Amino acid sequence: MHETFSEHWLIRDIDSASKLAFFDLGELVTVAPDDVVIEANVPNQSIYLLLEGAFKVFLPDRRGQGAGRTLGHRGPGDLIGEYSFIDDMQPTVTVSASTAGLMLRFDHGLLREYLDHDPSLGGLVYRNMLRYLVDRLRAQDEELSCLMI
651 MHETFSEHWL
661 IRDIDSASKL
671 AFFDLGELVT
681 VAPDDVVIEA
691 NVPNQSIYLL
701 LEGAFKVFLP
711 DRRGQGAGRT
721 LGHRGPGDLI
731 GEYSFIDDMQ
741 PTVTVSASTA
751 GLMLRFDHGL
761 LREYLDHDPS
771 LGGLVYRNML
781 RYLVDRLRAQ
791 DEELSCLMI
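Sequential numbering of the sequence shown, starting at 651, is according to the working numbering.
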């Protein structure tokens, strides 16, 4: 099991056996610089836990000619594809690797089935994911408030 995963916030408060089973549910995926992991307006059926590397999140150019506005950067410990996992909508952003990287990919359907099978485990994972999303939302609120002053 990868060190970044074993201490990951997503599986906080989960016993060791469940952590190992959760890890085994995923697929390790390596990426090279500039590889597109998630593409805006293209259906996405995976959620990725980033283990190594740096990734860029950006809005596509409105004319469809490459990268548009960079919205942020992600790295080890972050999730990508979590919005589509929650709402089954197509992504509105593109995520590409800035460096070589390693990710743990989970298929949406398999992950949902796994979490639904054990409501206690599912509750912990969903609660931890919600905390992550709320933390990001609060950080964005703070950035916006600084811009408005």
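Cβ atoms here follow ideal geometry from the backbone N, Cα and C, with glycine treated the same way. Please read these numbers as outputs of a predicted model, since none were measured by experiment.
For G731, does the count of other Cβ atoms within 10 angstroms reach 16, so buried, or fall short, so exposed?
G731 comes out buried.
Which class does D781 belong to by DSSP, given the choice of helix, strand or coil?
As written in the sequence, residue 781 is Arg, which differs from the Asp given in the question. DSSP places R781 in helix when its eight states are reduced to three.
Hey, V745 and V687: beta-carbon distance below 8 Å or not?
A contact, by the Cβ cut-off of 8 Å.
Taking E677 as part of the beta strand (DSSP E), name the residues at either end of that continuous run.
E677 -> beta strand (DSSP E) spans E677 to V681.
Rounded C-alpha distance that separates T742 from A671
Their Cα atoms are separated by approximately 31 Å.
What's the C-alpha gap between E702 and S734?
The alpha-carbon atoms of E702 and S734 are separated by roughly 22 Å.
Find out if the Cβ-Cβ distance for the pair I697, L774 is shorter than 8 Å.
Taking 8 Å as the cut-off, the Cβ atoms of I697 and L774 do not count as close.
CA-to-CA distance, L780 to K669, given in whole angstroms
Distance between the alpha carbons of K669 and L780: 19 Å.
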